[in-house]
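**Q**
Chains as they are written, first to last, in the numbering used here: chain H, 1 to 275; chain E, 276 to 559; chain F, 560 to 827.
(1) I'd like to know if residue 408 of chain E contacts chain F, where contact means its C-beta is closer than 8 Å to some C-beta of that chain.
(2) In the DSSP assignment, find the unbroken alpha helix (DSSP H) run with residue 465 of chain E in it and report its ends.
(3) Which whole-angstrom value is the C-beta distance of residue 739 of chain F and residue 384 of chain E, which I expect to be below 8 Å?
(4) What does the Cβ neighbour count give for residue 394 of chain E, buried or exposed, with the cut at 16 atoms within 10 Å?
(5) Compute the Euclidean distance between the alpha carbons of residue 171 of chain H and residue 110 of chain H, then round it to the nearest angstrom.
(6) Is residue 677 of chain F close to chain H, meaning its C-beta is less than 8 Å from at least one C-beta of that chain?
(7) CB-CB under 6 Å to residue 644 of chain F, same chain, minus the five flanking residues each way: which ones, in chain order?
(8) Drop a sphere of 10 angstroms on the beta-carbon of residue 511 of chain E, count the other beta-carbons inside from all chains shown, and report buried for 16 or more, exposed for fewer.
(9) Pair every Cβ in the region 227-245 of chain H with every Cβ in the region 184-204 of chain H, then say whether three or more of these pairs are closer than 8 Å.
(10) Could you tell me which chain F residues have their CB closer than 7 Å to the CB of residue 49 of chain H, listed as they occur along the chain?
(11) Among all the DSSP beta bridges, which residues are the ones paired with residue 322 of chain E?
(12) Can you list the residues of chain E that residue 215 of chain H reaches, using a CB-CB cut of under 7 Å?
(13) What does residue 731 of chain F reach in chain E if we use C-beta pairs closer than 8 Å?
(14) CA-CA distance, residue 567 of chain E and residue 521 of chain E?
(15) Could you tell me the alpha carbon to alpha carbon distance between residue 545 of chain E and residue 387 of chain E, rounded to whole angstroms?
(16) Starting from the beta carbon of residue 422 of chain E, find every residue of chain H whose beta carbon is closer than 7 Å, and list them in chain order.
(17) Under the DSSP definition of a beta bridge, which residues are partnered with residue 367 of chain E?
(18) Alpha carbon to alpha carbon, how far is residue 299 of chain E from residue 469 of chain E?
(19) Do residue 89 of chain H and residue 597 of chain F have their CB atoms nearer than 8 Å?
(20) What do you get for residue 65 of chain H, buried or exposed, if any count of 16 or more other CB atoms within 10 angstroms of its CB means buried?
(21) With respect to the alpha helix (DSSP H) encompassing residue 509 of chain E, which residues constitute its N-terminal and C-terminal limits?
(22) Measure the alpha-carbon distance for residue 723 of chain F versus residue 665 of chain F and round it to whole angstroms.
(23) Kindly list the residues whose CB is nearer than 8 Å to the CB of residue 314 of chain E, restricted to its own chain and excluding five residues on each side of it in sequence; keep chain order.
(24) Determine the chain F residues that contact residue 419 of chain E at a beta-carbon separation under 7 Å, and present them in chain order.
(25) Sort F:710, F:707, F:751 and F:709 by Cα distance to residue 726 of chain F and report the nearest one.
(26) With burial defined as no fewer than 16 other Cβ atoms inside 10 Å of the residue's Cβ, what is the status of residue 58 of chain H: buried or exposed?
(27) Using a Cβ cut-off of 9 Å, pull out every chain H residue sitting near residue 429 of chain E, in sequence order please.
(28) Is it right to say residue 456 of chain E is buried, meaning 16 or more other beta carbons lie within 10 angstroms of its own, or is it exposed?
(29) Could you tell me which residues DSSP puts in a beta bridge with residue 338 of chain E?
(30) Could you list the residues in the region 436-449 of chain E with a C-beta less than 8 Å from some C-beta on chain H, going in chain order?
(31) Our contact map puts residue 119 of chain H next to residue 154 of chain H with C-beta atoms below 8 Å; I'd like the distance itself, whole angstroms only.
(32) Please identify, using Cβ separations under 9 Å, the residues of the region 375-387 of chain E that lie next to chain F, in order along the chain.
(33) Cβ of residue 8 of chain H less than 8 Å from any chain F Cβ?
(34) Which residues bound the beta strand (DSSP E) around residue 389 of chain E?
(35) Scan the region 651-679 of chain F for residues whose Cβ lies nearer than 7 Å to a Cβ of chain H and list them as they occur along the chain.
(36) State the DSSP-derived secondary structure class of residue 268 of chain H, mapped to helix, strand or coil.
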């Protein structure tokens, strides 16, 4: 970190100064702070929040929490369990499906496998597009196309995951050691064999790690898709809320929480074995 | 023990430094350290320090020697309570350090400068910021947060940097320095506290022989200039003999030698390091 | 033992190279079986898929060309989402700094870290949308619910990573600063923060970007912002307007990514 010092000419000169940032740096830091403060002030002044609601919020929260207690445990076997399983299937199937879609895109994005710039950019565009559109929006789209239900949810999860898996996979492929690849090419191996025996063994641990990571996230995301009709526990949550059955809502939330915890636990255990 | 007024240098309860940057008196007391019946057990029933009683001199260099694991480092660290003694008293100018807590403990700590084996500089800060860390015991939080250090502190930091031979390094990041240079910064940081006492825990163990000698010379000379004692924990007996005015030899948690370096004989060394045990960390 | 004893029999070598990896094959087989099983559970049949595809092409046709005539409503929604993201990010980041510090087990005693870590874990467990719904039901529709939901999400994300970063620092540097007699806050400012601040800024800018994305969605459940506009457009089958909204959202998110990256560089 550079700073400003004025060195004295002789021992009698004024004492040396020290500043943490150069004037230029201080100016730019000040400008950034100013911009942030201005953005904050503009937001607070213009956002449509009724002040009374703000001050009353903690009371309302407490009221809702009171209505949620005690959670309706009997609701679980009746409605929740089936929907919860459906959510997990949506997440898992969606992740598996996304692998099939993401692998070709990842191969296309890796510059050492596809040394053809336009294809790289096309692949990147697909990946960015998939990531930028939220999984809820994908779900809305696919509900409109395929109708409500788990099919829309699965494909939404799959499409959303392509960006994540494809990007990380592409990066892992680009970091592969070229040595074994060259050896295989020199031996005259066909392109697909090079992929299978040269790249795949190197990329394999990263591949499973990325898949596990994404599956964990997808379990969380799938729980929400039902809110727009794409199947899973979200539907149960939505209907319980619409009928103001708060103790059932509490049970649904607890179940979702439990599933997320279990999924994380599974992922940590598998990680320990494989990696 | 709260200070009364904050004068316009921003420092609490001290005089402004003289022209050569050294703050001189008045200091309450002059660093007389007395240890009485100090014991430390890291595990119950396994004492690392056994009932140690020592009177440290008010000036000069004291070297504590002995093989590894014998409690030298524990003894040093008990003095500024980086390690909590199990029992016993440590009196600095008549005040029992073992009984202090909170701001009183911090006030006591700022009077004791410490130098570490691995320098323990804040790597990401610049050299001069590391030096200014020495003043943290005297500064309010807002000054530290905004890095608005008092001018007198900055002036003293620069003059100390010159004194230790690192005048051009003020704005370099600490992790860009060599080992010997980092230790000099560490020494300067300790001296910036305007302490009554300097402690050093194996200050030369990570350095090559030539740099080790330079560091020992620097500590001895700086302490002499400020008229404060230095207590060094060291395993290199030759260095100890060369620079110390008093040697304390420890073996298995007890003091087995306490006297001037010229009276340190082979028999004493055998007692400290064990007969025929040249592997016991003893270079003599 | 002579060398001849350790050489394998002549035929055995050929069999051992490229031996089929039974464990991996079992995994692939298991996955395939699962796909079939789960597919049937979810009622995913090929017929539905094919109908869906033809629907899809019709659908895409209706989305183009995107309809921007109602751009004022569009802008209003975007602006509200932006405001939600800014407020939630600033407050969330400011809160995460002390909460992360309190959650660091190498700095604080258990009586402080346990509640702090619990708060962070709780904030992370639920999807921001679910949190948003709860707030909507509790305190009403509008931006406030969205802001509160995203503040919790920020605390959960930044707080966890920040606490982990603090737990990885070198305590030797901190010890040396403590030995100078510095007060607790001075130790944190000069001993702890220099080691973790650049990572904190990285987490914060990532969360800013994430909040911007989520702020466009909380509206779907009533938390204010463009999400509400999007949802009602879907329900009215106004697909060309939907296309316009999506394009606007993507544009805003991409600009937001650029700004977040620029902010990170100027602070780190």
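From the three backbone atoms N, C-alpha and C, an ideal C-beta is built for every residue, glycine too.
**A** Put simply:
(1) When Cβ-Cβ separations below 8 Å define contact, residue 408 of chain E makes contact with chain F.
(2) In this chain, the alpha helix (DSSP H) harbouring residue 465 of chain E covers 454-467.
(3) Cβ atoms of residue 739 of chain F and residue 384 of chain E come within 8 Å of each other, at about 7 Å.
(4) With 16 or more neighbouring CB atoms inside 10 Å of its own CB, residue 394 of chain E falls in the buried class.
(5) C-alpha separation (whole angstroms): 7 Å.
(6) Closer than 8 Å: no.
(7) Answer for residue 644 of chain F: 770, 771 and 774, listed in chain order.
(8) The residue in question, residue 511 of chain E, is buried, as its Cβ has 16 or more Cβ neighbours within 10 Å.
(9) Segments in contact, no.
(10) Near residue 49 of chain H (Cβ distances below 7 Å), the residues of chain F are 701, 702 and 703.
(11) Per DSSP, E:316.
(12) One finds nothing in chain E with a Cβ atom closer than 7 Å to the Cβ of residue 215 of chain H; even the nearest lies about 37 Å away.
(13) Contacts between residue 731 of chain F and chain E, judged by CB atoms closer than 8 Å, involve 391, 393 and 395 in chain order.
(14) In this structure chain E extends from 276 to 559, so residue 567 of chain E is not present and cannot be described.
(15) The alpha-carbon atoms of residue 545 of chain E and residue 387 of chain E are separated by roughly 33 Å.
(16) For residue 422 of chain E, the chain H residues whose Cβ falls inside 7 Å of its Cβ are 20, in order along the chain.
(17) Per DSSP, E:308 and E:370.
(18) Unreliable positioning characterises residue 299 of chain E in this predicted model, as indicated by a pLDDT of 47, which lies under 50. The coordinate reading is nonetheless provided below. Answer to the nearest angstrom: the Cα atoms are 9 Å apart.
(19) By the CB criterion at 8 Å, residue 89 of chain H and residue 597 of chain F fall inside the cutoff.
(20) That one is exposed.
(21) Where residue 509 of chain E is concerned, there is no enclosing alpha helix (DSSP H), given that its DSSP letter is neither H nor E.
(22) Cα to Cα, the separation comes out at about 10 Å.
(23) Contacts found: 322, 324, 325, 326, 327, 360, 361, 362 and 363.
(24) The contacting residues are 745, 748 and 749.
(25) For the residues F:710, F:707, F:751 and F:709, the minimum Cα distance to residue 726 of chain F belongs to F:751.
(26) Residue 58 of chain H comes out exposed.
(27) Those within 9 Å of residue 429 of chain E in chain H are 15, 16, 17 and 18.
(28) Buried: at least 16 other Cβ atoms inside 10 Å.
(29) Looking at the DSSP assignment, residue 338 of chain E forms a beta bridge with E:507 and E:522.
(30) For the region 436-449 of chain E, the set of residues with a beta-carbon nearer than 8 Å to any beta-carbon of chain H comprises 445, 446 and 448, in chain order.
(31) A Cβ-Cβ distance of about 28 Å is found for the pair residue 119 of chain H and residue 154 of chain H, leaving them out of contact under the 8 Å criterion.
(32) Within the region 375-387 of chain E, 378, 380, 381, 382, 383, 384, 385, 386 and 387 place their CB atoms closer than 9 Å to a CB of chain F, listed in sequence order.
(33) With a pLDDT of only 46 at residue 8 of chain H, under 50, the local geometry of the prediction cannot be trusted, and no value is derived from it.
(34) First-last of the beta strand (DSSP E) with residue 389 of chain E: 387-390.
(35) Listed in sequence order: no entries.
(36) Here residue 268 of chain H sits in helix by DSSP.
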